[in-house]
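In the UniProt record's numbering, the protein residues as written are 1 to 361.
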């Protein structure tokens with residue numbers, strides 16, 4: 001029998017979110033119902049609200065979540081009721097061409113729940129990134145549940161579900177930062193600061209944080225940056241070159257998602273260096289670069305989608321490092337809020353006042 005729970009929906013483009021009663025069906029084959037304990041407020045949820053992803057309104061928002069499996073459907077063996085899990089939006093299929101080549105982190109056919117959650121009047125909801133976790137409970141594909149050590153705070157664990165994993169993975173997985181590398185991170189919000197953490201974890205010798213906000217640069221220093229550049233007052237390309245002996249960084253991570261900052265990243269890298277785009281552009285943005293420069297500078301231009309992560313591998317590892325005190329994931333939690341405060345959290349996010357607001361239930 002379907003359960004009635006509270007959930008935050010985006011009813012239409014740029015309309016204020018609403019707290020509604022939603023119906024969560026019993027899990028079918030390959031599905032699980034998860035009781036949500038915490039869910040971060042991510043920019044991607046704001047993109048859904050603004051119609052920047054698609055127009056499949058109404059959306060059930062929230063995806064950066066952790067909780068406890070309440071029930072599972074037929075055929076589910078990897079998780080069981082009572083398991084503490086982080087939800088992910090890369091539930092690999094195991095059968096697509098990427099999975100069969102041993103590259104499941106690039107799975108082309110990730111799984112979501114087949115059944116739909118609805119409003120009380122039967123209106124079907126589109127869950128953000130196939131999750132929909134601004135709710136007391138949600139229905140997901142069982143493969144979207146990644147078991148981690150329950151000793152961790154749910155407010156911390158849930159952040160791996162999107163932004164923090166995207167940034168750390170951009171450095172570790174996509175950029176493949178190595179020991180002794182010089183790394184520059186352009187844009188020091190939550191994802192950029194996570195890239196700083198990833199670069200430090202990888203053993204980078206120099207981590208240059210670039211932003212237009214001195215407060216964000218101070219935070220980046222606390223996360224492990226060794227140098228900062230305020231690009232309102234200094235040319236970031238020249239500043240990065242000056243800090244790297246005139247050569248440029250080995251890896252430049254662009255965490256803004258704009259053509260202007262991407263060009264800065266492109267010219268701030270060393271010859272044969274790597275640019276990683278992890279900032280999310282909007283559909284109308286275009287990029288123009290001299291093709292001779294693309295050819296002549298060599299190296300690699302990469303996009304990082306979800307930090308090229310494999311949740312079953314990366315989530316437990318990062319939680320263990322946090323519990324060992326080797327990385328401080330709790331530093332990303334600026335505030336905890338109630339489920340009724342999501343709209344105001346979007347405003348604080350837009351103003352740049354927080355790294356992460358986390359809804360606790």
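Heads up, the beta-carbon is just placed ideally off N, CA and C, and yes, glycines get one too.
Confirm, please, whether the CB-CB distance from residue j to residue i is below 8 Å.
{"i": "residue 68", "j": "residue 83", "result": "yes"}
{"i": "residue 155", "j": "residue 300", "result": "no"}
{"i": "residue 33", "j": "residue 64", "result": "no"}
{"i": "residue 333", "j": "residue 358", "result": "yes"}
{"i": "residue 254", "j": "residue 186", "result": "yes"}
{"i": "residue 294", "j": "residue 269", "result": "no"}
{"i": "residue 18", "j": "residue 29", "result": "no"}
{"i": "residue 167", "j": "residue 194", "result": "yes"}
{"i": "residue 210", "j": "residue 236", "result": "yes"}
{"i": "residue 199", "j": "residue 177", "result": "yes"}
{"i": "residue 240", "j": "residue 229", "result": "yes"}
{"i": "residue 22", "j": "residue 119", "result": "yes"}
{"i": "residue 110", "j": "residue 175", "result": "no"}
{"i": "residue 276", "j": "residue 170", "result": "yes"}
{"i": "residue 106", "j": "residue 98", "result": "yes"}
Per DSSP, which residues does residue i bridge with? Please list them.
{"i": "residue 264", "result": "According to DSSP, residue 264 bridges with nothing at all."}
{"i": "residue 10", "result": "59"}
{"i": "residue 206", "result": "182"}
{"i": "residue 211", "result": "230"}
{"i": "residue 118", "result": "23, 124"}
{"i": "residue 39", "result": "65, 359"}
{"i": "residue 145", "result": "87"}
{"i": "residue 348", "result": "DSSP, once it has assigned bridges, lists no residue as partnering residue 348."}
{"i": "residue 139", "result": "33"}
{"i": "residue 336", "result": "358"}
{"i": "residue 274", "result": "251, 300"}
Taking residue i as the reference, which of the options has the closest Cα?
{"i": "residue 103", "options": "316, 326, 321, 310", "result": "310"}
{"i": "residue 73", "options": "114, 272, 61, 202", "result": "114"}
{"i": "residue 191", "options": "305, 136, 50, 289", "result": "305"}
{"i": "residue 61", "options": "18, 45, 53", "result": "45"}
{"i": "residue 126", "options": "274, 43, 9", "result": "9"}
{"i": "residue 66", "options": "319, 101, 324, 351", "result": "319"}
{"i": "residue 117", "options": "134, 108, 110, 105", "result": "134"}
{"i": "residue 27", "options": "49, 76, 47, 20", "result": "76"}
{"i": "residue 272", "options": "282, 258, 243, 302", "result": "302"}
{"i": "residue 2", "options": "14, 24, 298, 274", "result": "24"}
{"i": "residue 123", "options": "59, 85, 170, 163", "result": "59"}
{"i": "residue 322", "options": "98, 56, 164", "result": "164"}
{"i": "residue 49", "options": "81, 31, 20, 13", "result": "13"}
{"i": "residue 143", "options": "296, 112, 121, 173", "result": "112"}
Kindly give me the distance between the Cβ atoms of residue i and residue j, rounded to whole angstroms, as I take these residues to be in contact under 8 Å.
{"i": "residue 287", "j": "residue 262", "result": "6 Å"}
{"i": "residue 138", "j": "residue 36", "result": "6 Å"}
{"i": "residue 5", "j": "residue 136", "result": "4 Å"}
{"i": "residue 159", "j": "residue 356", "result": "6 Å"}
Is residue i close to chain C? Criterion is C-beta to C-beta, closer than 8 Å.
{"i": "residue 244", "result": "Absence of chain C from the displayed structure is noted, only one protein chain being present."}
Checklist entry - Any chance the segment 170-182 sits against the segment 245-252, with 3 or more Cβ pairs inside 8 Å? => result Taking 8 Å as the limit for Cβ pairs, the verdict is that the segment 245-252 does touch the segment 170-182.
Checklist entry - Are there three or more Cβ pairs, one per stretch, closer than 8 Å when the segment 118-132 is compared with the segment 85-92? => result A contact exists between the segment 118-132 and the segment 85-92.
Next on the checklist: Could you check whether the segment 198-216 touches the segment 330-344, counting it as contact only if at least three pairs of C-beta atoms, one from each stretch, sit closer than 8 Å?
Outcome noted: No contact exists between the segment 198-216 and the segment 330-344.
Checklist entry - With a cut-off of 8 Å, do at least 3 Cβ pairs link the segment 143-150 to the segment 217-230? => result Contact between the segment 143-150 and the segment 217-230 is absent, because fewer than three Cβ pairs lie under 8 Å.
Next on the checklist: Would the segment 317-331 count as touching the segment 153-167 if we require 3 or more Cβ pairs under 8 Å?
Outcome noted: Yes: at least three Cβ pairs fall under 8 Å.
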